[in-house]
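> Residue numbers (UniProt numbering): 1 to 99. Ideal Cβ positions, reconstructed from N, Cα and C, are used throughout, including at glycine. Small disclaimer: the values here were computed from a predicted structure and weren't measured.
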């Protein structure tokens, strides 16, 4: 998700303490916690809606098949792409010079 190291988190906390002030830190942390909780709920709700849609339209077997062997699907797509590749035309130097 987010790639923060401990020293970076410490610097952010010190800057927040200096900029915001010690009295307002608990209020802001509480608001931030509520915001994160809402984001988690929205993510869960969207996931549930997606799963319900898949079940409603009988697409669950397609989803399982795609998740079961994604490497095979990519290998097939790569093979198809290689088959469709066209080699560039090589120009003959003698033909260009005589023109």
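At the level of alpha carbons, what is the spacing between residue 56 and residue 45?
16 Å
> In the DSSP assignment, the alpha helix (DSSP H) including residue 46 goes from what residue to what residue?
25–56
> Output the distance between the C-alpha atoms of residue 38 and residue 32, rounded to the nearest integer angstrom.
Cα to Cα, residue 38 sits roughly 10 Å from residue 32.
> Hey, residue 16 and residue 25 are a contact pair by Cβ (cut 8 Å); roughly how many whole angstroms apart?
7 Å
> Could you compute how far the alpha carbon of residue 41 sits from the alpha carbon of residue 75?
Their Cα atoms are separated by approximately 36 Å.
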